[in-house]
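Trainee: Let me begin by handing over the structure; questions about it come next.
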Amino acid sequence: MSKYKVNLKINNIAVSVDEGTTILEAARQLNFTIPTLCQHDDLCVAGNCRVCVVEQKGARLLPASCATPVSEGMEIQTNSLKVRQARKHIVELLLAEHNADCTKCFKSGYCELQDISNDYRIGDHIFLDLVKEKDKERDISSPSIEKDDSKCIRCQRCVRTCDSMQYVSALAVTHKGNNMRISTFMDKPMNDVVCTNCGQCINRCPTAALTERNYIDEVFDVIYDPNKFVVVQTAPATRVAIGEEFGMEPGSRVTGKMVAALRRLGFDKVLDTDFTADLTIMEEGTELLTRLKEALVDGKEVALPMLTSCSPGWIKFQEHMYPDLLDNLSTCKSPQQMFGPLAKTYYAEKINKNPADMVVVSIMPCTAKKFEAERPEMRGSGYKDVDYVLTTRELGRMIHQAGIEFEKLEDEKYDSILGESTGAAVIFGSTGGVMEAALRTAYEIVTGKEVPFTNINIKPVRGMEGVKEASVKIKDAKPEWSFLEGVDVNVAIAHGLVNAKILMDKIKSGEANYHFIEIMACPGGCIGGGGQPMPTNMEIRKKRAAGIYEEDEAMVLRKSHENAEVTEIYKSFLHEPLGHKSHDLLHTHYTPRKRQ
Amino acid sequence: MTRIEELVKEQADKHGRQRTSLMPILQAVVGSEHYLSEDALVAIARELDLSSADVFGTATFYTFLDTVPRGKYVIRVCKTITCHMKGKDEVIGALEDMLKVKLGGTTTDGKFSLLQANCLGWCHKGPVMLVNDEVYPEISAEKAVEIIGGYLKKG
Ligand code: SF4
Ligand code: SF4
Ligand code: SF4
Ligand code: FES
Ligand code: FES
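Top to bottom, those sequences are chains Y and R.
My numbering puts the first residue of the first sequence at 3, with every later residue one more than the last.
My numbering puts the first residue of the second sequence at 14, with every later residue one more than the last.
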């Protein structure tokens, strides 16, 4: 559909844009920056902060550029005297009730409100100071999220995120007038409500009102403790995003630099969650094939479709929203939580360390993984399996703090063992990746041949569409899998919990005929995780995903079952997928929760 | 099903399960229960497939949708400027003495809550008092005591 063009002038420059474009978008096309706070590219228009006001010739009031579509013949000034004065006053009003203790604030240097205040040289307060009225008590009930209402500018990005992207609405606008605040059901602590800890709201909050619980000091403390042996694992999606913390392009592949930086920070061993991602495929693939066999051959009642379980935000969402479908979830722990117990058993033995002296730290694109590590089930090794979880952003801070010039680092390799991985593991970082990795391996187990896609790139499961479906026909199944001969294996993928809901409702109503479903809580999968660098938006997610697939193609081995360390661990330790040891260390169970 | 869940279901059958049904259901529950308990809010959210935070947010926006327990009769004395000037403080003082309850509180027998309200639109006939939905304009301390006395007798 061709759109009408609208002609207007911005700062005396003529421009022609599609009908429906906002003034803000039109100004961006001309490379004029207009400050924004409530606007976010991922979210619907709110128009409540007003910092984006501009002057329109002939109009009495200053329109909010993010909320006003262009019209024919419009003449806009983005930086007139009137605009500057209004903007200054708007920011001053926000600051009049903002607990601006920047020097102590976790967000300092990364804060959108601070940036605007600096740009406009906001000085003496001219408005009544309302900061002393503010509740400065932070909510740190959740191991993932810190909520500080005294830093909230009520832009409602978080509310829109939690609703439109995640279908959770753990946060809402509550109370009214000067008591209006962003809060939870009955003003309960974050840990006591339906919040999934996905961190998408954190990733969009322009201030420090919502941040991850950060464990940077705790991790430095154990690194400096001579009696502790500290190993670090890195998730797939961090390696295409951490560069952004140092001004690099989104999607820059910096695996080698990240490994080098971690070594310089003082971790004793730098290991890879990708190793356990490969292992997850062995366990989860076998689990799927077993369920299919039980259903098709033994005629047993088994829960199908099987749902992936790598995303702890998704797990908690299901526990709250679809507790009656928990049997459909794979019992596999996430790669992070498979890594932990193996590090403190198998690995500890190999390197001759007492697991009591070991500390496992993980670097994750995810805030929900902080909560996951605290789950009481996650003590398969007899110790807390994963001790500290840091986001990609926190790692960025650590590297900055340590004065390491990231961009200049030479590439280094992961330590062995628990450091080897395949391309199938790295694609876990993007939506559709777990599915693709599982299909690459399962198809080969069943038929002895590679999946029938060019260069084993299973394109139909890739991309940013919210719900994806694909079908793979099994041809020439080996005798032991003959029951799968000619079967169309139907799969579906959803990312962002609002899309997960679409699939779950289909399962509930019985209209779904899928065998296997991959769900990631975050839009784009882990590359768009709540713990990833800010900002994150569609363009950035696409670039990071592209980085992930390049990383896959650059690997020598691209199928999980080809990982030699995985073969070895089955030979000498686990013995077989879904075996006794796997059951104890690598699988788990779930807890039905209330939706409130 | 608990009693409150039944009530909510009944109201949802009557008013529908759209987002726009939320207000009448909230009002109906307050009408019969005098306030919105945590259980009631959860039941409403489930019945309408809304998030409970959302329902709570809506309820807390409206002063008349109480989320803390209230008595059978909720007395609201207007606190805005005209009624203030016309002696709402004396009215409140008299009612506090009579009911042995502080402003904002509820009597121990659960019969009366004594609250203030913003302008009720009766400024020309202030001070004004509201008992549940009943308006009492041009009251004085004595008159207020007399009116509430009537409710006391009514039980
Ligand atoms: S949120 Fe931003 S402006 Fe507020 S104290 Fe923190 S850094 Fe400063
Ligand atoms: S962490 Fe996720 S689920 Fe929790 S409030 Fe934020 S967006 Fe909502
Ligand atoms: S918590 Fe953050 S995102 Fe939410 S309204 Fe406050 S400032 Fe905006
Ligand atoms: S950014 Fe336009 S009103 Fe907030
Ligand atoms: S001031 Fe009391 S009714 Fe208006």
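Each residue gets a CB set at the ideal place from its N, CA and C atoms; glycine is no exception.
Thinking C-alpha only, which one of Y/Phe277, Y/Arg377, Y/Lys508, Y/Asp44 is nearest leucine 420 of chain Y?
Mentor: The residue given as residue 420 of chain Y occupies position 418 in the first sequence. Measuring from the Cα of leucine 420 of chain Y, the nearest candidate turns out to be Y/Phe277.
Trainee: By Cβ distance below 8 Å, which residues in the same chain neighbour aspartate 189 of chain Y in space, the five residues on each side in sequence not counted?
Mentor: One-based indexing of the first sequence puts residue 189 of chain Y at position 187. Only Thr176 meet the Cβ criterion.
Trainee: How big is the Cα-Cα spacing for cysteine 312 of chain Y and isoleucine 521 of chain Y?
Mentor: Sequence index remark: in the first sequence, residue 312 of chain Y carries index 310 (1-based). Sequence index remark: in the first sequence, residue 521 of chain Y carries index 519 (1-based). Distance between the alpha carbons of cysteine 312 of chain Y and isoleucine 521 of chain Y: 8 Å.
Trainee: Given cysteine 197 of chain Y, which residues of its chain have a CB within under 6 Å of its CB, disregarding the five upstream and five downstream residues?
Mentor: For this step, residue 197 of chain Y is matched to residue 195 along the first sequence. Around cysteine 197 of chain Y: Ala172.
Trainee: Three or more C-beta pairs closer than 8 Å, one from the region 66-74 of chain Y and one from the region 90-100 of chain Y: is that the case here?
Mentor: Touching, no, given that fewer than three Cβ pairs across the two stretches are closer than 8 Å.
Trainee: Output, in chain order, the set of chain R residues within a Cβ distance shorter than 9 Å of methionine 188 of chain Y.
Mentor: Translated into positions along the first sequence, residue 188 of chain Y becomes position 186. Those within 9 Å of methionine 188 of chain Y in chain R are Glu51, Leu54, Ser65, Ala66, Phe69, Thr80.
Trainee: Should lysine 92 of chain R be counted as a contact of ligand 1 given a C-beta to heavy atom distance under 7 Å?
Mentor: Reading the second sequence from its first residue, position 79 is the one you call residue 92 of chain R. Because no heavy atom of ligand 1 lies under 7 Å away, the Cβ of lysine 92 of chain R does not count as near it: no.
Trainee: Could you please tell me which residues of the region 172-185 of chain Y, in chain order, have their CB closer than 7 Å to any CB of chain R?
Mentor: From the region 172-185 of chain Y, only Ala172, Leu173, Ala174, Val175, Thr176, His177, Lys178 have a Cβ closer than 7 Å to chain R.
Trainee: What is the DSSP secondary structure of glutamine 534 of chain Y, reduced to helix, strand or coil?
Mentor: As a first step, residue 534 of chain Y is located in the first sequence; it is residue number 532 there, counting from the start. Three-state result, glutamine 534 of chain Y: coil.
Trainee: Looking at isoleucine 244 of chain Y: is its Cβ nearer than 8 Å to the Cβ of leucine 397 of chain Y?
Mentor: In the first sequence, counting from the first residue as 1, residue 244 of chain Y sits at position 242. In the first sequence, counting from the first residue as 1, residue 397 of chain Y sits at position 395. Yes, these two residues count as a Cβ contact at 8 Å.
Trainee: What does the alpha-carbon distance come out to for the pair aspartate 389 of chain Y and proline 357 of chain Y?
Mentor: Counted from its first residue, the first sequence places residue 389 of chain Y at position 387. Counted from its first residue, the first sequence places residue 357 of chain Y at position 355. Aspartate 389 of chain Y and proline 357 of chain Y: Cα-Cα distance of roughly 12 Å.
Trainee: Measuring CA to CA, which of Y/Tyr416, Y/Asn565, Y/Ile504, Y/Ala297 is closest to tyrosine 324 of chain Y?
Mentor: Here residue 324 of chain Y refers to the residue found at position 322 when the first sequence is read from its first residue. It is Y/Ile504.
Trainee: Would a C-beta distance cut-off of 8 Å place alanine 496 of chain Y and glycine 526 of chain Y closer than the cut-off?
Mentor: In the first sequence, the residue the question calls residue 496 of chain Y occupies position 494. In the first sequence, the residue the question calls residue 526 of chain Y occupies position 524. No, the pair does not count as a contact, with Cβ atoms beyond the cut-off.
Trainee: Could you name the residues of chain Y that threonine 73 of chain R contacts, counting a contact when the two beta carbons are closer than 8 Å?
Mentor: On the second sequence, position 60 is the one that residue 73 of chain R refers to. Per Cβ cutoff of 8 Å: Thr176, His177, Lys178.
Trainee: Pull up the DSSP beta-bridge partners for cysteine 334 of chain Y, would you.
Mentor: Stepping through the first sequence from its first residue, residue 334 of chain Y is reached at position 332. In DSSP, cysteine 334 of chain Y forms a bridge with Y/His589.
Trainee: Leaving out the 5 sequence neighbours to the left and right, which residues in its chain are closer than 6 Å to serine 18 of chain Y when beta-carbon positions are compared?
Mentor: Your numbering for residue 18 of chain Y matches position 16 in the first sequence. Excluding sequence neighbours, serine 18 of chain Y sits near Lys7, Asn9.
Trainee: Have a look at isoleucine 78 of chain Y and glutamate 21 of chain Y and give me their C-alpha separation to the nearest angstrom.
Mentor: Taking the first sequence and counting its residues from 1, one reaches residue 78 of chain Y at position 76. Taking the first sequence and counting its residues from 1, one reaches residue 21 of chain Y at position 19. So the alpha carbons of these two residues sit roughly 16 Å apart.
Trainee: May I ask you to list the residues that DSSP assigns as paired with cysteine 91 of chain R?
Mentor: Mapped onto the second sequence, residue 91 of chain R falls at position 78. Cysteine 91 of chain R pairs with R/Ala130.
Trainee: Apply the 10 Å Cβ neighbour rule to lysine 109 of chain Y and answer buried if 16 or more other Cβ atoms are within range, or exposed otherwise.
Mentor: Stepping through the first sequence from its first residue, residue 109 of chain Y is reached at position 107. Buried, by the Cβ-count rule.
Trainee: Here's the rule I'm using: 16 or more other beta-carbon atoms within 10 Å means buried, otherwise exposed. How should histidine 582 of chain Y be labelled?
Mentor: Numbered from 1 along the first sequence, position 580 holds the residue referred to as residue 582 of chain Y. So histidine 582 of chain Y ends up on the exposed side.
Trainee: Mapping DSSP to helix, strand and coil, what is tyrosine 149 of chain R?
Mentor: The residue you call residue 149 of chain R lines up with position 136 of the second sequence. Tyrosine 149 of chain R falls in the strand class under three-state DSSP.
Trainee: What's the call for glutamine 31 of chain Y, buried or exposed, on a 16-neighbour Cβ count within 10 Å?
Mentor: What you label residue 31 of chain Y is simply residue 29 of the first sequence in a count that begins at 1. The residue is exposed, with fewer than 16 neighbouring Cβ atoms inside 10 Å.
Trainee: Does the beta-carbon distance from leucine 49 of chain R to threonine 80 of chain R come in below 8 Å?
Mentor: Residue numbering aside, residue 49 of chain R sits at position 36 when the second sequence is read from its first letter. Residue numbering aside, residue 80 of chain R sits at position 67 when the second sequence is read from its first letter. Result yes, Cβ atoms of leucine 49 of chain R and threonine 80 of chain R sit closer than 8 Å.
Trainee: Cβ of glycine 201 of chain Y versus every heavy atom of ligand 2: is any distance shorter than 7 Å?
Mentor: The count along the first sequence starts at 1 and reaches residue 201 of chain Y at position 199. For ligand 2, at least one heavy atom lies less than 7 Å from the Cβ of glycine 201 of chain Y.
Trainee: By the DSSP assignment, the beta strand (DSSP E) with phenylalanine 277 of chain Y in it spans what residues?
Mentor: Taking the first sequence and counting its residues from 1, the one referred to as residue 277 of chain Y is at position 275. Element bounds for phenylalanine 277 of chain Y: not the beta strand (DSSP E) but the alpha helix (DSSP H), 275-298.
Trainee: When you measure from the CB of aspartate 387 of chain Y to every non-hydrogen atom of ligand 1, does any distance come out below 7 Å?
Mentor: On the first sequence, residue 387 of chain Y is found 385 positions in, with the first residue counted as 1. It does not: the Cβ of aspartate 387 of chain Y is nowhere closer than 7 Å to a heavy atom of ligand 1.
Trainee: Under a three-way DSSP split, which group does glutamate 578 of chain Y fall into?
Mentor: Residue mapping note: residue 578 of chain Y aligns to position 576 of the first sequence, counting from 1. Glutamate 578 of chain Y falls in the coil class under three-state DSSP.
Trainee: Closer than 8 Å by C-beta to glutamine 158 of chain Y: which residues in its own chain qualify, once you throw out the five before and the five after it? Chain order, please.
Mentor: Residue 158 of chain Y sits at position 156 when you count from the first residue of the first sequence. So the list reads Cys40, Ala48, Asn50, Val175, Ile184, once near-sequence residues are dropped.
Trainee: Specify whether the region 584-596 of chain Y and the region 456-465 of chain Y touch according to this definition: at least 3 beta carbon pairs, one from each stretch, less than 8 Å apart.
Mentor: These segments do not touch.
Trainee: Between leucine 64 of chain Y and valine 85 of chain Y, is the Cβ-Cβ spacing less than 8 Å?
Mentor: Position 62 of the first sequence, counted from the start, is the residue given in the question as residue 64 of chain Y. Position 83 of the first sequence, counted from the start, is the residue given in the question as residue 85 of chain Y. Yes. Within cutoff.
Trainee: Would isoleucine 147 of chain Y pass as a contact of threonine 393 of chain Y if the rule is Cβ separation under 8 Å?
Mentor: Residue numbering aside, residue 147 of chain Y sits at position 145 when the first sequence is read from its first letter. Residue numbering aside, residue 393 of chain Y sits at position 391 when the first sequence is read from its first letter. Contact: no.
Trainee: With a threshold of 7 Å (Cβ to nearest heavy atom), would threonine 163 of chain Y be considered close to ligand 7?
Mentor: The ligand content of the structure shown is limited to ligand 1, ligand 2, ligand 3, ligand 4 and ligand 5, which means ligand 7 is not among them.
Trainee: Would you list the one or two residues that DSSP bridges to proline 65 of chain Y?
Mentor: Locating residue 65 of chain Y in the first sequence gives position 63, where the first residue counts as 1. None, per the DSSP bridge assignment.
Trainee: How is the beta strand (DSSP E) around glutamine 235 of chain Y delimited, first residue to last?
Mentor: Locating residue 235 of chain Y in the first sequence gives position 233, where the first residue counts as 1. Its beta strand (DSSP E) spans residues 231-236.
Trainee: Thinking C-beta only, is leucine 309 of chain Y closer than 8 Å to leucine 281 of chain Y?
Mentor: Counted from its first residue, the first sequence places residue 281 of chain Y at position 279. Counted from its first residue, the first sequence places residue 309 of chain Y at position 307. Going by C-beta atoms, leucine 281 of chain Y is not nearer than 8 Å to leucine 309 of chain Y.
Trainee: For asparagine 14 of chain Y and arginine 123 of chain Y, I'd like the C-alpha separation in whole angstroms.
Mentor: Stepping through the first sequence from its first residue, residue 14 of chain Y is reached at position 12. Stepping through the first sequence from its first residue, residue 123 of chain Y is reached at position 121. Cα to Cα, the separation comes out at about 26 Å.
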